[in-house]
Structure formats: structure tokens, C-alpha cells
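If you read the sequence shown in our numbering, its first letter stands for residue 43, the second for the next number, and so on.
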Amino acid sequence: SRPFGVSLLIAGHDEHGPSLYYTDPSGTFWQCNAKAIGSGSEGADSSLQEQYNKELTLQEAETIALSILKQVMEEKVTPNNVDIAKVAPTYHLYAPSEVEAVITRL
Numbered sequence: 043s044r045p046f047g048v049s050l051l052i053a054g055h056d057e058h059g060p061s062l063y064y065t066d067p068s069g070t071f072w073q074c075n076a077k078a079i080g081s082g083s084e085g086a087d088s089s090l091q092e093q094y095n096k097e098l099t100l101q102e103a104e105t106i107a108l109s110i111l112k113q114v115m116e117e118k119v120t121p122n123n124v125d126i127a128k129v130a131p132t133y134h135l136y137a138p139s140e141v142e143a144v145i146t147r148l
């Protein structure tokens, strides 16, 4: 076991489009289309793999991501315990009111 290990999701966007990379505590990395890490990630990752496709709109992706979080989180999904950010075309961390707008679509 690695008591101080960390897993990361690294997202970016360039002239070739969006990219998502996953690194595990050993330093190994993979490029992926959709990935969940952390508590409840097994079920969340499975749902993401089933629901993801490259034709999703941003709004559809937001809704899918939060609906999956809602299923695996022990607490109610609120702007106080969920952050949403988009990377394309530039990085934008959603304000609480923007997160609430996504939550109301669930």
C-alpha cells in the first residue's frame, strides 16, 4: 500500500481537441475519454463508460457527471460540495450559481 500516493485527472485542450489523462500512485498514466477516481469511483467509472460518447454536448456531459455523482455520494449534491470546471476553450471554474443551474437539470 502507498500511504502517500495520489491519483490525478489532468485535462487539457489544444488544436487536436480535448484530452484527459489519469495517473495512479505508481506514476503510470493513461489517456482516457472519461474517468472517475476516489471514493465510489468503481460504480461511477462504470456508469461513465456506459454513458460517455464523443458526441455529447457540454450540457449533456455536465448532467451525466452530476447524476452519477448524485448516485455515489453519501450527501446531497449541492454547490457547497461539488465543483465543476470546463477546460475548453479556456479553463473556467463554475460559480456556485452555475453549479446550481446544472443541479436543477437533474
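Every residue gets a Cβ at the ideal spot worked out from N, C-alpha and C, and that includes glycine.
Bounding residues of the alpha helix (DSSP H) (the contiguous stretch that carries residue i)
i: residue 52; result: Here residue 52 belongs to no alpha helix (DSSP H); instead the beta strand (DSSP E) covers 50-56.
i: residue 82; result: First-last for residue 82: undefined, no H or E at that position.
i: residue 100; result: 100-114
i: residue 138; result: 138-146
Nearest neighbour of residue i, chosen from the options [CA to CA]
i: residue 83; options: 101, 132 and 112; result: 112
i: residue 69; options: 87, 50 and 108; result: 50
i: residue 56; options: 138, 131, 148 and 140; result: 131
i: residue 96; options: 139, 61, 147 and 47; result: 61
i: residue 148; options: 110, 116 and 64; result: 110
Within 8 Å, strictly: CB atoms of residue i and residue j
i: residue 76; j: residue 91; result: yes
i: residue 145; j: residue 114; result: no
i: residue 87; j: residue 78; result: yes
i: residue 27; j: residue 133; result: Since the first and last residues shown for the chain are 43 and 148, residue 27 lies out of range.
i: residue 53; j: residue 141; result: no
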